[in-house]
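Note sheet for the following structure.
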Amino acid sequence: MSPELVRLLVQATLDTLQMVAVAASLGTLIGLPLGVFLATSGRGELLAAPWLNRVLGLVVNATRSTPFIILVVAIIPFTRLIAGTSIGTAAATVPLTVAATPFIARLVEGAVREVDGGLVEAARAFGASPLQIVLKVLIPEALPGIVLGLTLAVVSLIGFSAMVGAVGGGGLGDLGIRYGYQRFMPEMMLAVVVVLIVLVQLVQTLGDRLARRMNKRLRHG
Numbered sequence: 001m002s003p004e005l006v007r008l009l010v011q012a013t014l015d016t017l018q019m020v021a022v023a024a025s026l027g028t029l030i031g032l033p034l035g036v037f038l039a040t041s042g043r044g045e046l047l048a049a050p051w052l053n054r055v056l057g058l059v060v061n062a063t064r065s066t067p068f069i070i071l072v073v074a075i076i077p078f079t080r081l082i083a084g085t086s087i088g089t090a091a092a093t094v095p096l097t098v099a100a101t102p103f104i105a106r107l108v109e110g111a112v113r114e115v116d117g118g119l120v121e122a123a124r125a126f127g128a129s130p131l132q133i134v135l136k137v138l139i140p141e142a143l144p145g146i147v148l149g150l151t152l153a154v155v156s157l158i159g160f161s162a163m164v165g166a167v168g169g170g171g172l173g174d175l176g177i178r179y180g181y182q183r184f185m186p187e188m189m190l191a192v193v194v195v196l197i198v199l200v201q202l203v204q205t206l207g208d209r210l211a212r213r214m215n216k217r218l219r220h221g
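Shown next, in the form of C-alpha cells:
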C-alpha cells in the first residue's frame with residue numbers, strides 16, 4: 001500500500017480505538033451499577049424493589065432486542081442532540097454507548113448472580129448492611145466474571161464500531177467501505193480485516209489474563 005493509505009489505516013485504527021474506549025468506559029459507568037441493581041432488586045432480594053427491577057429490565061431488554069444498525073438510525077435525533085452531528089467519530093460514540101450499556105448490565109447481572117448465596121447469608125449474619133454486602137462481598141467475588149463480561153463487551157463494540165462505518169461513523173469500518181468496497185481496493189479491505197482481528201485478539205488475551213489473575217488472588221486471599 002502507498003504511504004497515504006497506510007496513514008489512513010493508522011488514523012482509522014486510532015479513531016476506532018477512541019470510539020471503543022469512550023463507549024466502553026461510559027457503558028461500564030452506567031451498566032455496572034445497573035447490572036448490580038438488576039441482580040439484587042428482585043422480590044425478596046438484598047435491595048428489593050421489584051417494580052423498578054421490572055421496569056428497568058424491560059428497558060434493557062428492549063434496547064438489547066433492537067438490531068444495532070437500526071438503533072444507530074433510530075436515535076439520530078438523540079445523537080445530534082448530544083454530539084451536535086450524526087456523522088463522524090464523536091457521533092458514532094453515542095449509539096455505541098447506548099448499545100453497550102444494557103449489554104454490560106446483563107453481563108454484570110449474570111456475574112453477580114453466580115456468587116455463592118452462602119457468602120451473602122454469612123455477611124448478613126455478621127450484621128453487614130445491604131450496601132456493605134454489595135461492595136465487599138458481591139462485587140469482589142464477581143469481579144473475574146465481570147472482567148470476562150467487559151472483555152466480551154469490548155470485543156462486541158469493536159465489531160459495532162466497524163458497523164457504524166456504513167452510516168458515516170468513521171474508523172476502520174468507514175475506511176473498509178469507502179476504499180475496500182466502493183473503490184474496489186481489496187488490499188485495503190484485507191488490511192482493515194487484519195487490524196480488526198488483531199485488536200480483538202489483543203483485547204481477548206488481556207481480558208482472559210486479567211480475569212485469571214483476579215480469580216487466583218481471590219482464591220488465595
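Take 1 as the starting number for the sequence shown in UniProt numbering and just add one per residue.
Just so it is clear, CB atoms sit at the ideal spot from N, CA and C, and this is done for glycine as well.
Nonlocal neighbours in the same chain, by C-beta distance under 6 Å from residue i, ignoring five residues either side
i, result
"residue 35", "105, 108, 109"
"residue 76", "86"
From the options, residue whose alpha carbon lies closest to that of residue i
i, options, result
"residue 162", "146, 95, 149", "95"
"residue 27", "157, 15, 7", "157"
"residue 17", "73, 125, 203, 112", "203"
"residue 93", "127, 159, 20", "20"
"residue 97", "29, 214, 189", "29"
"residue 13", "199, 214, 215", "199"
"residue 144", "196, 10, 25, 213", "213"
"residue 196", "31, 57, 10, 3", "10"
"residue 118", "141, 131, 100", "141"
"residue 24", "194, 155, 2, 215", "155"
"residue 91", "210, 165, 46", "165"
"residue 134", "152, 45, 190", "45"
Residues near residue i in its chain [Cβ-Cβ closer than 7 Å; skip 5 each side]
i, result
"residue 192", "172, 175, 176, 180"
"residue 71", "95, 98, 99"
Assumed close pair residue i, residue j - CB separation to whole angstroms, cut-off 8 Å
i, j, result
"residue 64", "residue 33", "Residue 64 to residue 33, Cβ: 18 Å. No contact."
"residue 170", "residue 89", "4 Å"
"residue 137", "residue 112", "Actually they are not in contact, since the Cβ atoms of residue 137 and residue 112 sit about 10 Å apart, beyond 8 Å."
Alpha helix (DSSP H) segment containing residue i, residue limits
i, result
"residue 50", "50-65"
"residue 119", "117-125"
"residue 172", "171-175"
Own chain residues within Cβ distance below 8 Å of residue i, not counting five before or after
i, result
"residue 42", "48, 50, 53"
"residue 186", "180"
"residue 114", "142, 145"
"residue 206", "151"
Check: residue i C-beta below 7 Å from any heavy atom of the ligand FAD
i, result
"residue 56", "Ligands in the displayed structure: none, and consequently the ligand FAD is not present."
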